[in-house]
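Number 1536 in this note's numbering belongs to position 192 of the first sequence; there are no gaps in the numbering.
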Amino acid sequence: MEYNFRNIEQKWQQQWQDTNAYKVSNESAKPKFYVLDMFPYPSGAGLHVGHPLGYIGSDIYSRYKRLKGFNVLHPMGYDSFGLPAEQYAIERGQHPAITTDQNIKTFRSQLDKIGFSYDWSRELRTSDPSYYKWTQWIFLKLFNSWYNRSLHKARDISNLILVFEKEGNGSVGKHGGISIFISEEWMAFNEKQQQEILMNYRLAFSSFGEVNWCEALGTVLANDEVVNGVSERGGFPVIKKKMRQWYLRITEYADRLLEGLEHVEFTESLKEQQRNWIGKSQGSEIVFDIKGVGDNKKLRVYTTRPDTIFGVDFMVIAPEHDLVPQITTPEQQEAINQYLNYVKSRSERERLTEVKQITGCFTGAYALNPFDGKEIPIWIAEYVLAGYGTGAIMAVPCGDQRDFSFANHFDIPITNIIGSYFNGSEANPTKEAVLENSGFLDGLVMKDAMEVAITRLEELGIGKRQVNYRMRDAGFSRQRYWGEPFPIVWKDGIACPLPENELPLELPYVDKYGPGHEGEGPLANITHWVNLPDGGKRETSTMPGYAGSSWYFLRYMDPFNDNEFCSRKASDYWKQVDLYIGGTEHAVGHLLYSRLWTKVLFDLGFIGHDEPYKKLLNQGMIQGSSRFVYRIMGTNEFVSFALKDNYDTHALHVDVNIVDGVILDTEAFKTSKPEYANAEFILEDGKYVCGIEVEKMSKSKFNTVNPDILVEKYGADTFRMYEMFLGPVEMSKPWDTKGIEGVHRFLRKLWRLFFDELKGKVWNTDKATDAELKVLHRTIKKIEEDTEKFSFNTAVSAFMMCVNELGELKCYKKEVLEKLLILLTPYAPHISEELWNLLGNEGRILDATFPGYDGKYLVETSKEYPVSVNGRLRTTIGISLDATQDEVEKIVLANETVQKWLEGKLPKKIIFVKNKMINMVI
RNA sequence: GCGGGUGUGGCGAAAUUGGUAGACGUAUCAGACUUAGGAUCUGACGCCGCGAGGCAUGGGGGUUCGAGUCCCUCCACCCGCACCA
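What follows is the structure, encoded as structure tokens:
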């Protein structure tokens, strides 16, 4: 009887499906555990070996937790709305609903072959109306909420209206550009004015704003979807455009999003990325008078270094700053106009990439230093951003390198306030210097002077402490088709929410789902849908890809609920996701937005926790190892790697599947493409050697490896274990199929502990020896520890060692083997089930209990201790474990080899490290 | 530039956290059994050396009886962020 993995795997996968083996109940006396994979966008390209890496890790952990007695929620679904799905559909010329459905089917069948333990009954799709009904519902909650800054919590908007009616907005503070009003003023506003004011407080709000407009994609993109001035998807140019858009007021949550990072287990680098994105900076705002202009025109700058105020040699304001036209002197008008034209001609991309170039223009105006009255020239320059701080800075050339370069470039005299810390040829951003030329701050160390300066500024009423964030409110609308429609109707310029009983507002079916024109999305073309009988017009943009993924982890808890997005009972039972596995690419997108939604839902009392994920594990990316052939220019002749420099060649990707290691299968190559049919080769040692490069795994690079082929050839269990064996899950590594044989060999060796090809059944019910139990218990301990810390690669090694050792001991004992099978279940579920069954066990192995290890088999009564003299290993000596220090010394000193090294002398010190080694110092 | 991370055999990687470096697996070589082997098993396999032995965890220095592990310093690579005032 041999290991026939194909039959075994098919049989058990069918069985699991037929018996709903992995269905999970919300009612259980067991402790809960929630293991979640980042749900995929079902791309049409199919899986490559990189995709299942995290899924295998999470599957192992879920199965392990289940054996440990937990009620484990381990669901899967699809992020099926969004830009990628729509783009793919457009490329195929098919409706996204159809392509999405097809892709999901392919995806599912590929996943099923690997033997995952998902509870598929809870499957969800973000593009399903029964799901996005609740995405829309949560949007309405965001729309109907505001952030109460004194409670640090979201509150219903009705409660804000009450405050306005009673006392105006004095106590809640200015949000957006709204000025302070009192109760009477509020009552005097008409409906439209009131709604416009409320819009400045809503957590989901609409506003005209500069957005990242991508002409090629015909849509607006979020900041994190724009990389280096081009779209993340497709790499198309992105420009700024003013449009009415929806936003989420994530900036109100900046502090809580930062603070929450202290309580979750994310990697330091991921936390750092989020902190970076939020970009909190503590500083102060200072108001400067402008020479010769009225009191109503003052220059407000933002700085983190108020201590350097006496070192300010010039001011720089953003070219877009409101003051520019107001303060420019007639003499400078011409130059300023020219400069503004230049700035306008610069694309976002150029401004981002050509950062080294120093440009700017003097306005002719001067600000006045409030302490010594010094006249400070005001410049404009594109390096100062309108959107950050006040859009104006005070420049201190001796302390800031950018300011220094600017001063140098335009010959602005530099004031040195830090004495010898400034060497005249570069700025020194130190906080340790003792201030000079700094009026009342003279003699103070800079870091102490900050506090003194800001206090004085506040006393004078010309400055205040100010916290700034780099993060902006998140753009929440897309001029696209394939997304959630907004449950909003515009009436006379007022955004009216749809009543809850009209949800879901279904996405109308259209034939033309391509981009609309002039910024409006495709929905604008469906006039019968847009225009309502009462004169209202539906919002025509749709929600972005991250809408549905911001709360899906909650829906899995209660997926069939028609009355609520998730009952409080269900979310109180499952609580946070205990383990969330996925890549780092969502560090500042999905992971930030879903944290925001969770916090809002928590504030509003719909759920009981305000961080969605307890622990996040980032699986590394599996890269492709590409192979290259070198074609001699203008010929059909290919030259082997080592000889390529003798010719004028260019490198071409060659399909990794026809290369064995680095050796090209030249016959397969000839048949791979018609143009290669007559290819000729210049070989080295009779072989064609390919070049290697590690790149992202992608079809276009011919370096993808399809898991289906590996599963077909070696089985799912081998595939699962090999993916884990490659190395730590969190590390990126190039794929190499070579070693998979070793893992497959291990499973066959395991099989032979139960059945022999010739002899048949070899397992028996004899009593296990101490030596055998020792191997078993050591393995139990190791597997438990490794699985617990996600060290799946070392766990696989431990299995291999265990089977090797049992093989050497000729241990075919059921007592030992069945426990080993339980350990192995999470890693290789099919073979474990089968052997468990063949051992005559009742029930399913997935309901077994993870065995405990007995310490007595791990402890040795005596041990060979290494003995070293002055740290150098000399010999080993067997000593019983309960020997006292004195006894150890006696035994060691009596040893002949040790005596030889001591040369008759007595050691100064004998160090006896229990269970480790003995070292003597002479 | 700033932040995070990594550096160990031909290759993927281990190392109980300061205690015999290279487990486990691949690759390679040798052998056994075989009509055959891409099956199975055994052995060798960091470097130098016939050997005893010596040298080895990116380089250099330090702490320690003892360092891959801790400290200082330099170097290389990967990943984020980047005129953010």
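Glycine included, every Cβ here is placed at the ideal spot set by N, Cα and C.
These figures come from a predicted structure and were not determined experimentally.
One or two residues paired with A1995 in a DSSP bridge: By one-based count along the first sequence, residue 1995 stands at place 651. Paired residue(s): Y1974.
- Item | Range of the contiguous beta strand (DSSP E) that encloses M1531 | Your numbering for residue 1531 matches position 187 in the first sequence. First-last for M1531: S1527 to A1532, but that is the alpha helix (DSSP H), not the beta strand (DSSP E).
Considering only their Cβ atoms, is the gap separating A1662 from V1728 smaller than 8 Å?
Residue numbering aside, residue 1728 sits at position 384 when the first sequence is read from its first letter. Residue numbering aside, residue 1662 sits at position 318 when the first sequence is read from its first letter. Judged by their CB atoms, V1728 and A1662 are nearer to each other than the 8 Å cut-off.
- prompt: Can Y1924 and L1960 be called in contact, C-beta distance under 8 Å?
  reply: The residue you call residue 1924 lines up with position 580 of the first sequence. The residue you call residue 1960 lines up with position 616 of the first sequence. Yes. Within cutoff.
- Item | For I2235, the residue or residues it bridges with in DSSP | Reading the first sequence from its first residue, position 891 is the one you call residue 2235. Note: I2235 sits in no beta bridge, so no partner.
Measure the CB-CB distance between F1654 and S1782 and report whether it falls below 8 Å. Against the first sequence, residue 1654 aligns to sequence position 310. Against the first sequence, residue 1782 aligns to sequence position 438. Their beta carbons are under 8 Å apart, which means F1654 touches S1782 by this criterion.
Check your understanding: With distances taken between CB atoms, is the gap from E1353 to M1420 smaller than 8 Å?
Key -> The residue you call residue 1353 lines up with position 9 of the first sequence. The residue you call residue 1420 lines up with position 76 of the first sequence. Cβ distance not < 8 Å, so E1353 and M1420 don't count as in contact.
I need the DSSP call for C2146, collapsed to helix, strand or coil. The count along the first sequence starts at 1 and reaches residue 2146 at position 802. Looking at C2146 - three-state DSSP - the assignment turns out to be helix.
Check your understanding: In or out: R1882 buried (at least 16 other Cβ within 10 Å) or exposed?
Key -> Locating residue 1882 in the first sequence gives position 538, where the first residue counts as 1. Buried, since its Cβ has 16 or more Cβ neighbours within 10 Å.
Cβ neighbours of Y1385 in the same chain (closer than 6 Å, five flanking residues each side left out): In the first sequence, counting from the first residue as 1, residue 1385 sits at position 41. Exclusion of the five residues before and after Y1385 leaves D1423 and P1428 as the residues of its chain whose Cβ lies within less than 6 Å of its Cβ.
Indicate the three-state DSSP secondary structure (helix, strand or coil) for A1739 in the structure shown. Sequence index remark: in the first sequence, residue 1739 carries index 395 (1-based). DSSP places A1739 in the strand class (E or B) of the three-state scheme.
**Message:** For S1984, count the other beta carbons within 10 Å of its own beta carbon; 16 or more makes it buried, fewer makes it exposed. Which is it?
**Reply:** Indexing the first sequence from 1 puts residue 1984 at position 640. Its Cβ being crowded by 16 or more others within 10 Å, S1984 is buried.
Given that a residue counts as buried once 16 or more other Cβ atoms are within 10 Å of its Cβ, and exposed if not, what is I1832? Taking the first sequence and counting its residues from 1, the one referred to as residue 1832 is at position 488. I1832 is buried by the Cβ-count criterion.
| Counted within 10 angstroms of its Cβ, other Cβ atoms place H2088 as buried (16 or more) or exposed | The sequence position of residue 2088 within the first sequence is 744, counting from 1. Taking every protein chain shown into account, the CB of H2088 has 16 or more other CB atoms within 10 angstroms, so this residue is buried.
List the endpoints of the continuous beta strand (DSSP E) containing K1835. In the first sequence, residue 1835 corresponds to position 491, counting from 1. From DSSP, the beta strand (DSSP E) with K1835 extends over I1832 to K1835.
Opening and closing residue of the alpha helix (DSSP H) in which M1794 lies
Numbered from 1 along the first sequence, position 450 holds the residue referred to as residue 1794. Segment M1790 to E1803, the alpha helix (DSSP H) holding M1794.
* To do: Please confirm if the stretch 1471 to 1491 is in contact with the stretch 1844 to 1855, defined as three or more CB-CB distances below 8 Å between the two stretches.
  => Counting Cβ pairs under 8 Å, three or more are found: they touch.
Could you check how far apart the C-beta atoms of V1570 and P1581 are, in whole angstroms? I think they sit under 8 Å. Along the first sequence, one-based indexing puts residue 1570 at 226. Along the first sequence, one-based indexing puts residue 1581 at 237. Actually they are not in contact, since the Cβ atoms of V1570 and P1581 sit about 10 Å apart, beyond 8 Å.
Taking P1903 as the reference, which of N1351, N1364, V1368 and T1363 has the closest Cα?
-> As a working note, residue 1903 is residue 559 in the first sequence. Looking at the Cα atoms, V1368 is the closest of the given residues.
ask   = Exposed or buried, which one is P1843 when buried takes at least 16 other CB atoms within 10 Å?
value = Mapped onto the first sequence, residue 1843 falls at position 499. Flag for P1843 reads exposed.
Whose CA, out of S1969, F2063 and M2075, lies closest to the CA of G2035? Stepping through the first sequence from its first residue, residue 2035 is reached at position 691. Comparing alpha-carbon positions, the option among S1969, F2063 and M2075 lying closest to G2035 turns out to be S1969.
Item to check | Cβ contact check for the stretch 1405 to 1421 and the stretch 2064 to 2083: 3 or more pairs under 8 Å | outcome: In short, these stretches do not touch, since the Cβ pair count stays below three.
*Sorted by chain position, which residues of the same chain lie with C-beta nearer than 7 Å to L1785's C-beta, five sequence neighbours on each side aside?*
As a working note, residue 1785 is residue 441 in the first sequence. Contacts found: D1651, F1654, L1779, A1793, V1796 and A1797.
Do the stretch 1995 to 2010 and the stretch 2023 to 2037 touch if we need at least three Cβ pairs shorter than 8 Å? The stretch 1995 to 2010 vs the stretch 2023 to 2037: in contact.
Through-space distance from H2121 to Y2156, alpha-carbon basis: Here the question's residue 2156 lines up with position 812 in the first sequence. Here the question's residue 2121 lines up with position 777 in the first sequence. Using only the alpha carbons, I get a separation of about 16 Å.
So is H1392 buried or exposed if we call it buried at 16+ other beta carbons inside 10 Å? As a first step, residue 1392 is located in the first sequence; it is residue number 48 there, counting from the start. Buried, by the Cβ-count rule.
Review point. Which residues in the same chain have their Cβ closer than 7 Å to the Cβ of G1517, if we skip the five residues on either side of it in sequence?
Key: To locate residue 1517, count along the first sequence from 1; it is residue 173. If we look at G1517 and ignore the five residues flanking it on each side, its Cβ neighbours are R1493.
Rounded to the nearest angstrom, what separates L1851 and I1434 at their Cα positions? The residue you call residue 1851 lines up with position 507 of the first sequence. The residue you call residue 1434 lines up with position 90 of the first sequence. Those two C-alpha atoms are separated by around 17 Å.
**Asked** What's the gap between the Cα of N2108 and the Cα of K1374?
**Response** For the purposes of this step, residue 2108 is identified with residue 764 of the first sequence, where counting begins at 1. For the purposes of this step, residue 1374 is identified with residue 30 of the first sequence, where counting begins at 1. Counting only the Cα atoms, K1374 lies some 35 Å from N2108.
- Query: If we ignore side chains and look at the alpha-carbon of each, how far apart do V1740 and D1747 end up?
  - Reply: Residue mapping note: residue 1740 aligns to position 396 of the first sequence, counting from 1. Residue mapping note: residue 1747 aligns to position 403 of the first sequence, counting from 1. One C-alpha to the other measures close to 6 Å.
Q: Tell me V1631's beta-bridge partners as DSSP assigns them.
A: As a working note, residue 1631 is residue 287 in the first sequence. R1644.
Exercise. With burial defined as no fewer than 16 other Cβ atoms inside 10 Å of the residue's Cβ, what is the status of E2162: buried or exposed?
Worked result: Translated into the one-based positions of the first sequence, residue 2162 becomes position 818. Buried, since its Cβ has 16 or more Cβ neighbours within 10 Å.
According to the neighbour-count rule (16 or more other Cβ atoms, all chains shown, within 10 Å of its Cβ), is S1915 buried or exposed? On the first sequence, residue 1915 is found 571 positions in, with the first residue counted as 1. Buried is the call here.
Item to complete: Using 10 angstroms around the beta-carbon of T1871, count the other beta-carbons present and answer buried if the total reaches 16, otherwise exposed.
Response: On the first sequence, position 527 is the one that residue 1871 refers to. Exposure of T1871 is indicated by the presence of fewer than 16 other C-beta atoms within 10 angstroms of its C-beta.
Next on the checklist: Which residue wins for smallest C-alpha separation from N1962, given the options S1372, H1395 and K2253?
Outcome noted: As a first step, residue 1962 is located in the first sequence; it is residue number 618 there, counting from the start. Looking at the Cα atoms, H1395 is the closest of the given residues.
query: Rounded C-beta distance between S1625 and Q1589? I'm assuming under 8 Å.
result: As a working mapping, residue 1625 is identified with position 281 in the first sequence. As a working mapping, residue 1589 is identified with position 245 in the first sequence. The pair is not a contact, with the Cβ atoms about 26 Å apart (cut-off 8 Å).
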